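Notes for the one structure printed next.
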Amino acid sequence: MGLSLKPQYLKRYKNIAKLLIKYGRADLISSAGLEEVVLNEDKKQEVTEEIDRLPNDLEELGPAYVKLGQFFSTRSDMLPAQYVEVLQRLQDKVKPFDFKIIKEIVEDEIGMRFSKAFLEFDEEPLGSASIGQVHRAVLKNGKPVVVKVQRPDIREEIAADIDAFKEIAGFLNEHTDFGKRFMLAGTIEEFKKTVLRELDYRNEIQNLKVLANNLKEFKNIVVPLSVEDYSSSKVLTMDIIRGKKITSVSPLRKLELNGKALAETVFQAYMKQIMIDGFYHSDPHPGNVFITDDNKIALLDLGMVGYVSNEMQNNLLHILLAIGDGRGDEVADYAMKVGNPDEDVNKQEFKSKISELVAQQKSTSLENLEMGRIILEVTKVCGENGMVLPNEFAMLGKTLLNLDKVGKILDPDFNPNSSIRRNADDLMRKKLFKSATSKKSYDVLLDSKEFIEKLPSRVNNILDKVSNNELELKVKSIDEVYLMNGLQKIANRIAIGLILAALIIGASNLMNVETDFTLFGYPGVAMIFFLIAIAGSITLAMKIMFSDEHTSKKKQRKLSEN
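Right, here's the structure in full:
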């Protein structure tokens, strides 16, 4: 597979090549053959140490590059730590576009004249990003809202950039060890799906509904809902949140908050999203978390959400608990289970590195333990040892990292590790309940319907074979006497166990009955029942341990003689 040299791709190849050369990956340029489309002066440009400039460079290149940077900020297994750190600071802020264009897009999308839809509509945006910008407005019925409007032609621009990304990723996938190791083509395809979902505001409308419903038990968490009659794939009108970003709350205002309780609530809500619902707000950075005027937490911007399979939920919970306890071997085992390592991976070396990482974190004070950062470090160690974890694992790491930051802002003494341990039992109960009720009544009815429909024909087949003397039973030969003795022994022991249990329960109840006859200072009859139960339990245990072993060996000798 070679690179497509279509004219619309050449400029984009050049932009990508500049970035790779500037930030130390000229080897990939050579492997991909991009040097043919890069100017001579670009090829001679020396690698600089201006890593902090990377976010600015991406912002200058356009929205697709900003989104790509945000996407790869979760991939600590693919990028060095300093790059991941600067990409996590990437700000998606651009110059606002003209208000006349806003009016045209809104009228076209909602099918209504601007003056008939809104009483007020602020021309100055509350915020402007690469995909769209947000304005405050008031509907005709007096309801205050915010309106997010997508930039014109943004879909076509991003789609063209992503096509170029796919071309390069496909080439690197086939011709470089880096591309093969991290399956770049698949990674970019996943990135494409994520961005395309974000470009359709109807997905965010649904995300808001689902999250609001999932978190309805948390009274101190607010999720704004959309106004669907005023929304479309390019326009999103939703409830206004009156409050401030948690990063903008003054120290005086924080004194009015119960920061400890709010931090715990937010963490519980995210654990439920990730571990129970399998659907979570994947970008809870402090800019998307508001403190409302009535001292609640509001979660904003659900363009990016994550999905977690049931198997990944179980593995992640095991990993988090093992990290908290300092059990490095178990962390490594579950990481290998998630990552499905190749046969040539040195598992012993990998376990050693993970154990060392977890041991280092264990030596950190609990107050400074960041679960998200550790998850990203585990992801990095996996990548360095030839084991690529699913992107959802890295995405979970970034979500937890942002969650740690939110918790620390609300309560400087917040301990995410302790919170996980406090809520582990509740999470497990909810998971068990969800598993037990996952089969809906409709499924049961369909299974019953199928059984009832097929039962007459199956009975007829059996009766026909019986009448024609064709019925055959395949039975494996067993020792009937030995089987009956075993069943009798089981029945006897169940009966004895029930009697002993009844004695214990009866003794417990009699403990509350006052009597003149005492034993060891307790009611005598109750103590006698306890002593009988203890003696019977010990006798039964001894018989099980020694008599059953003896009988088993005798049976084995008998079988070997035969």
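Convert by adding 1 to the 1-based position in the sequence shown; the result is the number in the numbering used here. We put the CB at the ideal spot given by N, CA and C, even for glycine. All values reported here derive from a predicted model rather than from experimental measurement.
If you follow the beta strand (DSSP E) that residue i is in, where does it begin and where does it stop?
{"i": "R154", "result": "One detail in the question is off: residue 154 reads as Asp in this sequence, not Arg. No beta strand (DSSP E) holds D154; DSSP gives it neither H nor E."}
Use the C-beta contact count for residue i: other C-beta atoms within 10 angstroms, 16 or more gives buried, fewer gives exposed.
{"i": "R430", "result": "exposed"}
{"i": "P413", "result": "exposed"}
{"i": "V407", "result": "buried"}
{"i": "R76", "result": "buried"}
{"i": "K141", "result": "exposed"}
{"i": "N41", "result": "Bear in mind that a pLDDT of 44 at N41, under 50, signals an unreliable position, so the number given afterwards is only what the model happens to contain. With fewer than 16 other Cβ atoms within 10 Å, it is exposed."}
{"i": "V236", "result": "buried"}
{"i": "G304", "result": "buried"}
{"i": "P379", "result": "According to the sequence provided, residue 379 is Val. The question's Pro does not apply to it. It counts as buried."}
{"i": "S561", "result": "Because S561 sits at a pLDDT of 49, beneath the cut-off of 50, its placement in the model cannot be relied upon, and the following sentence gives the value as read from the coordinates. Looking at its Cβ environment, which holds fewer than 16 other Cβ atoms inside 10 Å, S561 is exposed."}
{"i": "Q134", "result": "buried"}
{"i": "D302", "result": "buried"}
{"i": "M372", "result": "buried"}
{"i": "I298", "result": "buried"}
{"i": "I347", "result": "Here residue 347 turns out to be Asn, not Ile, going by the sequence shown. With fewer than 16 Cβ atoms within 10 Å of its Cβ, N347 is classed as exposed."}
{"i": "G63", "result": "buried"}
{"i": "V290", "result": "buried"}
{"i": "E515", "result": "exposed"}
{"i": "P252", "result": "exposed"}
{"i": "M388", "result": "buried"}
{"i": "M543", "result": "exposed"}
{"i": "E121", "result": "exposed"}
{"i": "F518", "result": "exposed"}
{"i": "L80", "result": "buried"}
{"i": "T188", "result": "buried"}
{"i": "D162", "result": "buried"}
{"i": "F521", "result": "exposed"}
Pull up the DSSP beta-bridge partners for residue i, would you.
{"i": "P524", "result": "T519"}
{"i": "G244", "result": "T293"}
{"i": "F122", "result": "A138"}
{"i": "P225", "result": "Answer is none; P225 lacks a bridge partner."}
{"i": "S420", "result": "DSSP, once it has assigned bridges, lists no residue as partnering S420."}
{"i": "M239", "result": "V147, S227"}
{"i": "S234", "result": "Answer is none; S234 lacks a bridge partner."}
{"i": "F614", "result": "Past the edges of the chain, shown from 2 to 563, lies residue 614, and the structure says nothing about it."}
Less than 6 Å between C-beta atoms, sequence neighbours within five positions excluded: which residues of the same chain meet that for residue i?
{"i": "D201", "result": "S234"}
{"i": "L472", "result": "K466"}
{"i": "K261", "result": "D412"}
{"i": "E331", "result": "A323"}
{"i": "R459", "result": "none"}
{"i": "I545", "result": "none"}
{"i": "A527", "result": "A508, L511, M512"}
{"i": "D240", "result": "P225, L226"}
{"i": "G180", "result": "L173, N174"}
{"i": "L185", "result": "A170, L173, N174"}
At which residues does the alpha helix (DSSP H) containing residue i begin and terminate?
{"i": "G187", "result": "185 to 200"}
{"i": "R254", "result": "252 to 255"}
{"i": "N403", "result": "392 to 411"}
{"i": "A130", "result": "Counting along the chain, A130 falls outside any alpha helix (DSSP H), and DSSP gives it neither H nor E."}
{"i": "L263", "result": "260 to 273"}
{"i": "P56", "result": "55 to 62"}
{"i": "K101", "result": "100 to 111"}
{"i": "L377", "result": "372 to 385"}
{"i": "Q83", "result": "82 to 88"}
Less than 8 Å between C-beta atoms, sequence neighbours within five positions excluded: which residues of the same chain meet that for residue i?
{"i": "I505", "result": "F530, F531, A534"}
{"i": "E47", "result": "Because E47 sits at a pLDDT of 45, beneath the cut-off of 50, its placement in the model cannot be relied upon, and the following sentence gives the value as read from the coordinates. The answer is none, since no qualifying residue turns up."}
{"i": "P153", "result": "F98, I102, I106"}
{"i": "K338", "result": "N316"}
{"i": "T266", "result": "F219, N221, I222, I298"}
{"i": "D294", "result": "R243, G244"}
{"i": "F547", "result": "none"}
{"i": "I497", "result": "G537, L541"}
Within its chain, find whatever has a CB closer than 7 Å to the CB of residue i; leave out the 5 residues flanking it on each side and keep chain order.
{"i": "V306", "result": "N208, F280, Y281, H282, S283"}
{"i": "F268", "result": "L404, G408, P417, S420"}
{"i": "E124", "result": "F100"}
{"i": "I355", "result": "G329, V332, A333, A336, V379, V382"}
Go through the region 282 to 343 residue by residue and report every complete run of the alpha helix (DSSP H) that reaches 4 residues or more, in order. 311 to 326, 329 to 340
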